[in-house]
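A.B. asks: Let me begin by handing over the structure; questions about it come next.
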């Protein structure tokens, strides 16, 4: 049992929780909570920390997993010290980052300097649901391995391939997709475009929107029509509206579905 | 200049910022920041607090407004004590709550025990953009006058009529709309329904979903098809997908638009 916050493992894991630079340097990140622990590929888990209280109520399936994984038990106080959450569930795992060299498929999201951790997590979750094959981000985008982002992806971080790149323009070309950007200068309504072919959507920074440089990579600027005095939609909402319009069109274009209607 | 946190006005406003019960008892709430201040109907403003630093950089249009409103200048430290934000802009207004007896129109949102302040704010903002005429909430839903919600509505709180009610069922009947609930038991895909007539969407609690009692008020249970292993969408994302599908159908059904395509 680890009883001191001075313990080497405790310090190392806390650094991974708190600092993006430590995560990058070590190629590791931390997932918290029983659900995320169970969703992580055990082959990617480096080690597990559990609290004393958690071990008393540990569900059987988690106990079975733990048997095959290096794990340390911490006093509740020390666990809380390491944890990123206010009311920790008492289990966290140190996980190896995945790396993708290339994104394949026919549906992509491109994020330009997205800053809000909650937005990024929600976008990953929504992207998986809408059938997005990969997410491209520039390095100015918030770290997806930030514990708050990891949590709010609800596991999508393990299932949606993604890449951080220096130069969005270069990578966008490699996608081989028609690139759409929701933009104030957009002419066509977003729902008047055809997203049944290879498609990529660019979503910009929460306050500044899409940079001119990134907007120049778009084949088409579209607009999401808005009523009232709203100036813009939340980034994760705009992304959801675009991605689900794509999903809707792709479902509607399936021959078997057309036959049913 | 108010220099002490013991000042009566300071205490009163801080209570309004912190406590839902004080807001309810006094029928007042607080908006923060220059943008929200400028968007508030001056007739609804009870008083304004500004910080010393803000007054040195106060934009002309705000200065003109302030001339007609009761306002107090606070030292920066005292202002920070009252404020709900980490880096306050230095202006907040005490505003009288609006009350609506009835929601009119043909597009409504019904929120069942929504808990996350950020979600509620985002939903108000999205609802305005999608052309929602009114939002019905039960009292278990988070307080829209919570400063975090107010901020994230981006002003929609002033423009979208809303009501908190004891009994959702009773009020839902008064809307005179076809009521749709996105539900795991939903049979039809959400985009196979016709939302061009009077329409209301029920959105449920972030983790528990829609209660059985509220779901029973729905005329139709629909589902948002999801790919991957996603169990559910974020509440504000689900709301956005439904509302923008409604907006899309209504735009598409306009004769003049149909003529253009």
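Residue numbers (this note's numbering), protein chains in the order written: chain G, 5 to 265; chain S, 5 to 265. Ideal placement from N, C-alpha and C gives every residue a C-beta, glycine not left out.
Give me the Cα-Cα distance between residue 261(G) and residue 196(S), rounded to the nearest whole angstrom.
C.D. replies: Here residue 261(G) is taken as the residue at index 257 of the first chain, counted from 1. Here residue 196(S) is taken as the residue at index 192 of the second chain, counted from 1. For residue 261(G), the predicted structure reports a pLDDT of 46, less than 50, and the residue's modelled location is therefore unreliable. A value from the coordinates is still provided. So the two alpha carbons sit approximately 11 Å from each other.
A.B. asks: With H, G and I counted as helix, E and B as strand and the rest as coil, what does DSSP make of residue 14(S)?
C.D. replies: For this step, residue 14(S) is matched to residue 10 along the second chain. If DSSP states are grouped into helix, strand and coil, residue 14(S) belongs with the helices.
A.B. asks: If the cut-off is 8 Å on Cβ atoms, which residues from the segment 123 to 139 of chain S count as contacting chain G, listed in chain order?
C.D. replies: For the segment 123 to 139 of chain S, which is checked against every Cβ of chain G, the residues closer than 8 Å are 126, 129, 130, 132, 133, 134, 135.
A.B. asks: Am I right that residue 17(S) and residue 70(S) are in contact with their C-beta atoms under 8 Å? What's the rounded C-beta distance?
C.D. replies: In the second chain, counting from the first residue as 1, residue 17(S) sits at position 13. In the second chain, counting from the first residue as 1, residue 70(S) sits at position 66. So it is not a contact: roughly 16 Å between Cβ atoms.
A.B. asks: Thinking residue 165(G) and residue 138(G) are a contact (beta carbons under 8 Å), I'd like their distance in whole angstroms, please.
C.D. replies: Position 161 of the first chain, counted from the start, is the residue given in the question as residue 165(G). Position 134 of the first chain, counted from the start, is the residue given in the question as residue 138(G). Indeed they touch by this definition, with Cβ atoms about 5 Å apart.
A.B. asks: Report the rounded CA-to-CA distance for residue 187(S) versus residue 154(G), giving the unit in angstroms.
C.D. replies: By one-based count along the second chain, residue 187(S) stands at place 183. By one-based count along the first chain, residue 154(G) stands at place 150. Whole-angstrom Cα-Cα distance: 26 Å.
A.B. asks: Taking the beta strand (DSSP E) that residue 97(S) falls in, what are its first and last residues?
C.D. replies: The residue given as residue 97(S) occupies position 93 in the second chain. Residue 97(S) -> beta strand (DSSP E) spans 95 to 100.
A.B. asks: What whole-angstrom Cβ distance do residue 219(G) and residue 185(G) have, given they're in contact under 8 Å?
C.D. replies: The residue given as residue 219(G) occupies position 215 in the first chain. The residue given as residue 185(G) occupies position 181 in the first chain. About 5 Å; that satisfies the 8 Å criterion.
A.B. asks: Under three-state DSSP, which class holds residue 227(S)?
C.D. replies: Position 223 of the second chain, counted from the first residue, corresponds to residue 227(S). Residue state, collapsed to three classes: strand.
A.B. asks: Counting only beta-carbon atoms, is residue 252(S) nearer than 8 Å to chain G?
C.D. replies: Residue numbering aside, residue 252(S) sits at position 248 when the second chain is read from its first letter. So yes, residue 252(S) belongs to the interface.
A.B. asks: Whole angstroms are fine: how far does the CA of residue 159(G) sit from the CA of residue 44(G)?
C.D. replies: Start at 1 with the first residue of the first chain, and residue 44(G) comes out as number 40. Start at 1 with the first residue of the first chain, and residue 159(G) comes out as number 155. Cα-Cα distance, rounded: 8 Å.
A.B. asks: Output yes if chain S places a C-beta closer than 8 Å to the C-beta of residue 269(G); else output no.
C.D. replies: Not covered by the structure: residue 269(G). The range shown for chain G is 5 to 265.
A.B. asks: Report yes or no: is there a C-beta of chain G within less than 8 Å of the C-beta of residue 92(S)?
C.D. replies: Here residue 92(S) is taken as the residue at index 88 of the second chain, counted from 1. So no, residue 92(S) is outside the interface.
A.B. asks: Restricting to Cα atoms, I'd like to know which of 134(S), 193(S), 82(S) is closest to residue 255(S).
C.D. replies: Looking up residue 255(S) in the second chain gives position 251. Closest option to residue 255(S), Cα to Cα, is 134(S).
A.B. asks: Could you work out which residues of chain G lie near residue 10(S), taking near to mean beta carbons separated by less than 7 Å?
C.D. replies: If you number the second chain from 1, residue 10(S) lands on position 6. Those do not exist, as residue 10(S) stays about 30 Å from chain G at its closest Cβ, beyond 7 Å.
A.B. asks: For residue 4(G), which of helix, strand or coil comes out of DSSP?
C.D. replies: This structure gives no information on residue 4(G), because the portion of chain G shown stretches from 5 to 265.
A.B. asks: Below 9 Å between beta carbons is the criterion; list the residues of the segment 227 to 239 of chain G that meet it against any residue of chain S, in chain order.
C.D. replies: If the cut-off is 9 Å between Cβ atoms, the segment 227 to 239 of chain G has 228, 229, 230, 231, 232, 233, 234, 235, 236, 237, 238 near chain S.
A.B. asks: Tell me the rounded alpha-carbon separation between residue 126(S) and residue 247(S).
C.D. replies: Taking the first residue of the second chain as 1, we reach residue 126(S) at position 122. Taking the first residue of the second chain as 1, we reach residue 247(S) at position 243. So the alpha carbons of these two residues sit roughly 13 Å apart.
A.B. asks: Closest to residue 183(G) by CA distance: which of 115(G), 67(G), 146(G) is it?
C.D. replies: As a working note, residue 183(G) is residue 179 in the first chain. Residue 183(G) has its Cα closest to that of 115(G), out of 115(G), 67(G), 146(G).
A.B. asks: Got a sec: which bits of the segment 62 to 89 of chain G sit with their beta carbon under 7 Å from any beta carbon on chain S, in order along the chain?
C.D. replies: Listed by position along the chain: nothing, the set is empty.
A.B. asks: What are the boundary residues of the alpha helix (DSSP H) that includes residue 59(S)?
C.D. replies: Reading the second chain from its first residue, position 55 is the one you call residue 59(S). Note, residue 59(S): alpha helix (DSSP H), 56 to 61.
A.B. asks: Suppose you measure from the CA of residue 39(S) to the CA of residue 152(S); what does that come to, to the nearest Å?
C.D. replies: For the purposes of this step, residue 39(S) is taken as the residue at position 35 of the second chain. For the purposes of this step, residue 152(S) is taken as the residue at position 148 of the second chain. If I take the Cα positions, the gap works out to 15 Å.
A.B. asks: Verify whether the separation of the beta carbon atoms of residue 58(S) and residue 95(S) is less than 8 Å.
C.D. replies: Within the second chain, numbered from 1, the residue matching residue 58(S) stands at position 54. Within the second chain, numbered from 1, the residue matching residue 95(S) stands at position 91. Their beta carbons are under 8 Å apart, which means residue 58(S) touches residue 95(S) by this criterion.
A.B. asks: State yes or no: is the C-beta of residue 212(G) nearer than 7 Å to some heavy atom of the ligand SAH?
C.D. replies: The ligand SAH is not part of the structure shown, which contains no ligands of any sort.
A.B. asks: Using a Cβ cut-off of 7 Å, pull out every chain S residue sitting near residue 244(G), in sequence order please.
C.D. replies: As a first step, residue 244(G) is located in the first chain; it is residue number 240 there, counting from the start. By Cβ distance, chain S contributes 241, 244, 245.
A.B. asks: Mind pulling the chain G residues with CB within less than 9 Å of residue 160(S)?
C.D. replies: Within the second chain, numbered from 1, the residue matching residue 160(S) stands at position 156. Per Cβ cutoff of 9 Å: 232, 233, 234.
A.B. asks: Alpha carbons only, please: which of 206(S), 167(S), 79(S), 170(S) is nearest the one belonging to residue 227(S)?
C.D. replies: Looking up residue 227(S) in the second chain gives position 223. Here the closest residue by C-alpha is 206(S).
A.B. asks: Is it a yes or a no for the segment 78 to 90 of chain S touching the segment 102 to 115 of chain S, going by three-plus beta-carbon pairs under 8 Å?
C.D. replies: No: fewer than three Cβ pairs fall under 8 Å.
A.B. asks: Is residue 195(S) close to chain G? Criterion is C-beta to C-beta, closer than 8 Å.
C.D. replies: Within the second chain, the letter at position 191 stands for residue 195(S). Yes, because at least one Cβ of chain G sits closer than 8 Å to the Cβ of residue 195(S).
A.B. asks: Answer with yes or no whether the minimum CB distance from residue 224(S) to chain G is below 8 Å.
C.D. replies: Start at 1 with the first residue of the second chain, and residue 224(S) comes out as number 220. So, not an interface residue.
A.B. asks: Can the beta-carbon of residue 129(S) be found closer than 8 Å to that of residue 48(S)?
C.D. replies: Here residue 129(S) refers to the residue found at position 125 of the second chain. Here residue 48(S) refers to the residue found at position 44 of the second chain. No. Outside cutoff.
A.B. asks: In whole angstroms, what separates the C-alpha of residue 124(S) from that of residue 108(G)?
C.D. replies: Taking the second chain and counting its residues from 1, the one referred to as residue 124(S) is at position 120. Taking the first chain and counting its residues from 1, the one referred to as residue 108(G) is at position 104. About 36 Å.
A.B. asks: Answer yes or no: do residue 117(S) and residue 240(S) have a C-beta to C-beta separation smaller than 8 Å?
C.D. replies: The residue labelled residue 117(S) in the question sits at position 113 within the second chain. The residue labelled residue 240(S) in the question sits at position 236 within the second chain. Cβ distance not < 8 Å, so residue 117(S) and residue 240(S) don't count as in contact.
A.B. asks: Under 8 Å between C-beta atoms, does residue 248(S) make it to chain G?
C.D. replies: Position 244 of the second chain, counting from 1, holds the residue named residue 248(S). By this cut-off, residue 248(S) is an interface position.
A.B. asks: Take the Cβ of residue 156(G) as the centre, count every other Cβ of all protein chains shown within 10 Å, and call the residue buried at 16 or more, exposed below.
C.D. replies: To locate residue 156(G), count along the first chain from 1; it is residue 152. With 16 or more Cβ atoms within 10 Å of its Cβ, residue 156(G) is classed as buried.
A.B. asks: Here's the rule: buried if 16 or more other CB atoms are within 10 angstroms of the residue's CB, otherwise exposed. What is residue 21(G)?
C.D. replies: As a position in the first chain, residue 21(G) is number 17, starting the count at 1. Counting Cβ neighbours within 10 Å, residue 21(G) comes out buried, since at least 16 surround it.
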